[in-house]
Amino acid sequence: MKENQVSLTSIMTAYIRGYHATYDSPKIFDDTLAYQLIPEERRTLIEQGLSSALKQQSSSEQPAALRFFLQSMGLPQVVSRSKFTEETVEKVVEQGLEQYVILGAGMDTFAFRHPELLKKIRVFEVDHPATQTFKRNRLAELGWETPPNLQFVPVDFSKESLAEAFNGVSYDPKAASIFSWLGVTMYLSRDEVFATLRSITEIAPTGSLIIFDYFEALTAARSAQKIQEELKKIGEPIKTGFDPSTLASDLAKIGIRLIENLRPADIQNRYFNGRTDGYHASELVHFALAMVE
């Protein structure tokens, strides 16, 4: 991503969460605020793009075609990873964890949807300065008051460590925390991914948790090639995939223990079985839950 470029995927991800909350049933993840974070002109452009993609379909075919298009854009991946993450966060907060760090937060709305949890924990949204500035400006336009326990931390993962970024903020390095890192690892190099994970072990005590999603090491699969091509067009190409069979040993080398490693079949069984709208887990995406040792 360029120096001053707002992440287009973060905006599209918010649109997808908002679409799902508004139109799909049953809901996997109900983000009732996501649509509001997208300025009207950007939302209009997205919807014009969707309409253009569907214009060759008959009116009777368009609903199915739209679901297929949203599937290819990653809607199931977005809503299921968010559900997996927030279910885990709510569980560990009840167990006494005091801090939630959202890496690559984008247009995340957790802190605004869960005022009751914000009374128990501190939330830190970490993201690229350009994307974070865009979001904070939008919050100001909407007149949303930033919760007292929410703090914004700007960081460029490709240039600085998480430890450096947390200098001067109210984060407590002695308090057990949970970190989520969704929709980011695939856009960084392998070295950048492990540098950031290593940074977490430097600032978080033993027992802290990390949730992230990752692409399986990219093959010549047609679906992988299509995803690559589309993301290259907007300047956010996929750079990294991981081998699920070696991830545990790779993480162990930097002091992180893999607890859960959900395969596409696991994600399908947990979130998509019984649906009649055609949504299904991505064949390339895995969810990981790990612990700092």
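Numbered by numbering that gives the first Met the number 0, the letters in the sequence shown go through residues 0 to 292 in order. Glycine included, every Cβ here is placed at the ideal spot set by N, Cα and C.
When the distance is taken between beta carbons, is residue j closer than 8 Å to residue i?
{"i": "Tyr270", "j": "Ser79", "result": "yes"}
{"i": "Gln238", "j": "Leu187", "result": "A small fix is needed here, since residue 238 is Lys in this sequence, not Gln. Yes. Within cutoff."}
{"i": "Pro128", "j": "Pro153", "result": "yes"}
{"i": "Ala203", "j": "Ser179", "result": "no"}
{"i": "Val92", "j": "Lys118", "result": "no"}
{"i": "Asp155", "j": "Gly182", "result": "no"}
{"i": "Leu149", "j": "Glu124", "result": "yes"}
{"i": "Leu5", "j": "Thr130", "result": "Per the sequence shown, the amino acid found at residue 5 is Val instead of Leu. In this structure, Thr130 lies closer than 8 Å to Val5 by Cβ."}
{"i": "His113", "j": "Leu74", "result": "no"}
Which whole-angstrom value describes the C-beta separation of residue i and residue j, a residue pair presumed to lie in contact below a C-beta threshold of 8 Å?
{"i": "Pro243", "j": "His285", "result": "6 Å"}
{"i": "Leu174", "j": "Gln98", "result": "Here residue 174 turns out to be Ala, not Leu, going by the sequence shown. At roughly 5 Å, the Cβ-Cβ gap stays under 8 Å, so Ala174 and Gln98 are in contact."}
{"i": "Ser198", "j": "Ser157", "result": "Not quite, the Cβ-Cβ distance comes to about 13 Å (not below 8 Å), so this is no contact."}
{"i": "Val291", "j": "Gly206", "result": "7 Å"}
In the DSSP output, which residue or residues are listed as bridge partners for residue i?
{"i": "Glu259", "result": "Leu288"}
{"i": "Asp212", "result": "Phe286"}
{"i": "Phe123", "result": "Val100, Gln150"}
{"i": "Phe241", "result": "Glu215"}
{"i": "Trp180", "result": "Leu102, Phe211"}
CB of residue i to nearest heavy atom of the ligand GTP: below 7 Å?
{"i": "Val92", "result": "This structure lacks the ligand GTP, and indeed carries no ligand of any kind."}
By the 10 Å Cβ neighbour count, where 16 or more other Cβ atoms means buried, how is residue i classified, buried or exposed?
{"i": "Gly240", "result": "buried"}
{"i": "Asn272", "result": "exposed"}
{"i": "Arg121", "result": "buried"}
{"i": "Leu283", "result": "buried"}
{"i": "Asp30", "result": "buried"}
{"i": "Asp126", "result": "buried"}
{"i": "Ser281", "result": "buried"}
{"i": "Ala264", "result": "exposed"}
{"i": "Ser169", "result": "exposed"}
{"i": "Ala33", "result": "buried"}
{"i": "Ala287", "result": "buried"}
{"i": "Ala110", "result": "buried"}
{"i": "Glu89", "result": "exposed"}
{"i": "Leu36", "result": "buried"}
{"i": "Ala289", "result": "buried"}
Validate contact between the region 55-64 and the region 131-151 using beta carbons, cut 8 Å, 3 pairs: no
Cβ pair count under 8 Å reaching 3, the region 7-14 against the region 104-113: yes
Touching by the beta-carbon criterion (3+ pairs, under 8 Å), the region 57-76 and the region 252-261: no
Cβ pair count under 8 Å reaching 3, the region 140-153 against the region 42-52: no
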